DNA sequence: CATTTTTTCTAACACTAGTTCGATTTTAAA
DNA sequence: TTTAAAATCGAACTAGTGTTAGAAAAAATG
């Protein structure tokens, strides 16, 4: 009983890690307890000493993943240098979200990837954490809008959905080492704040190089 | 042999529809042939008269879904009013993508939702269509950039990923009748071209209403 | 109407999943 | 070292899966 509580807790953590990793890779239904057990250096039956069922294990993985992004983004807002602009705040939130999602956190990425495949009752119990996280973003964006950092004539709910989509989808294509999280956050914020368009010169009937 | 070829083709289509619908709802591994058969008013064993295996059925659903978005976006580019700006072109592509994805096309939405869960060899065979679709978008964006409708100093690959993410993620949250596809496309293009930021007044040290 | 082909059903098979539980090992306490 | 508790194993059970193949029904053909 030095660092953690006991061998039980260590095994528990090992199982959860293995589960998160496997769930993220293969999805929920396709992941077998045998695989999880193997990844945790155990026998499938032994898992039941720590968890009552596959769904219970799933639920804990999901909860942990969601709490981690939530905490990461929350901390990003608290640890900002004084006098930071609202753009800085949002940029920090974006970066925190992406970092948690893509950098060595199987829990969060598993959560994002498999949320659409989980059993009804697990979803019902987990949804509260999801809503709480959504509320955090709602606050961040609303505050920026109120302070005139974001246009006042827009529906922030829709913007938030599109934003989350752009960020979350990165778990599907991001390959570690290809594009840095900073760059991704830069581009995301560029699109959010300024866009990448150039005012087009009146009309263009010069070149019709279409298919 | 009037409209389609025979009863076989009708049943085939009915099975594919049922499969697309069920795959979209429950995911790949969690979907059983019994469910698909029931949704198609058949017995599970009868499916094998039309398809050699579950994976073969899956593959066809995926392919159809991808071809449909591809064709829809391609047509959107051909049916543009003459003299359309590049913003108009992109906007049309966005709308076509969203429409196919959200409006009564279980094939495309199934494709987007379950792509991350499919068996390796199915993916390997399907990936070509995915790449072809990506190439279509690459062309559209590159053309806009070359014509100075988009900033020339940006990585279009990354922009495309974020854009696709924002659009694709809508299958996870969109509820029919809540937000119109037009509105979604409007907001997406607004963010892409202009952003929703307002130039902040120098510095803000007035109110520190942070948590 | 008879007969052949096409399509579907039915029942079974092989296999794998999640789960259970008594035996066994490991760990901690006395 | 002895002993009790904690943790894991291992083998079995049940349920449900994808799949097969021969029987039955439906449709098409002569």
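Chains as they are written, first to last, in my numbering: chain A, 89 to 299; chain B, 89 to 299.
The beta-carbon is built from N, C-alpha and C at its ideal position, and this holds for glycine as well.
Note that the coordinates shown come from a computational prediction; the quantities given were computed from them, not determined experimentally.
In this structure, residue 269 of chain A places its C-beta atom within 9 Å of the C-beta atom of residue 187 of chain A. Following the DSSP letters along the chain, one finds residue 241 of chain B in no alpha helix (DSSP H), marked with neither H nor E.
Relative to residue 146 of chain B, the option among B:120, B:277, B:237 whose CA is nearest is B:120.
Relative to the Cα of residue 127 of chain B, the nearest Cα in the group B:245, B:111, B:117 belongs to B:111. The secondary-structure analysis by DSSP pairs residue 115 of chain B with nothing; it has no beta-bridge partner.
Residue 280 of chain A and residue 245 of chain A have their C-alpha atoms roughly 14 Å apart.
Using a CB distance cut-off of 9 Å, residue 246 of chain B counts as an interface residue toward chain A. Taking 9 Å as the threshold, the shortest C-beta distance from residue 261 of chain B to chain A falls below it. With fewer than 16 other Cβ atoms from the protein chains shown falling within 10 Å of its own Cβ, residue 192 of chain B counts as exposed.
Inter-residue distance for residue 153 of chain B and residue 285 of chain A is about 30 Å (C-alpha atoms, whole angstroms).
Inclusion of residue 248 of chain B and residue 226 of chain B in the CB contact set at 9 Å is warranted, their separation being smaller than that value. For the pair residue 108 of chain B and residue 254 of chain B, the Cα-to-Cα distance works out to about 22 Å. DSSP places residue 204 of chain B in the helix class (H, G or I) of the three-state scheme. Interface residue (Cβ-Cβ distance to chain B less than 9 Å): residue 238 of chain A is classified as such. Contact check for residue 115 of chain A against residue 198 of chain B fails: the beta carbons are separated by 9 Å or more. Under the DSSP definition of a beta bridge, residue 285 of chain A partners with B:238. The three-state reading of DSSP puts residue 138 of chain B in coil, since its state is none of H, G, I, E or B. Under the 10 Å beta carbon count, residue 219 of chain A is surrounded by fewer than 16 other beta carbons and is classified as exposed. In this structure, the straight-line span from the alpha carbon of residue 138 of chain A to that of residue 176 of chain B is close to 57 Å.
Counting only the Cα atoms, residue 162 of chain A lies some 17 Å from residue 171 of chain A. With respect to the 9 Å criterion, residue 183 of chain B and residue 273 of chain B are classified as neighbours on the basis of their beta carbons.
Under the three-state reduction of DSSP, residue 167 of chain A is assigned to coil, being neither helix nor strand. DSSP places residue 262 of chain B in the coil class of the three-state scheme, outside both helix and strand. Nearest CB-CB separation between residue 283 of chain B and chain A: below the 9 Å threshold.
Residue 103 of chain B sits away from residue 150 of chain B, with the two beta carbons spaced by 9 Å or more. With a cutoff of 9 Å on beta-carbon distance, residue 283 of chain A and residue 282 of chain B are scored as near each other.
Taking the C-beta atoms as reference points, residue 217 of chain B is found nearer than 9 Å to residue 155 of chain B. Taking 8 Å as the upper bound on Cβ-Cβ separation, chain A lies near residues 231, 235, 236 of the segment 224-236 of chain B. Annotated three-state conformation of residue 225 of chain A is helix, per DSSP.
The beta carbon of residue 191 of chain B sits no closer than 9 Å to any beta carbon of chain A. Residue 124 of chain B is classed as buried because its beta carbon has at least 16 other beta carbons within 10 Å across all chains shown. In this structure residue 157 of chain B is not in contact with residue 190 of chain B, their Cβ atoms being roughly 11 Å apart against a cut-off of 8 Å.
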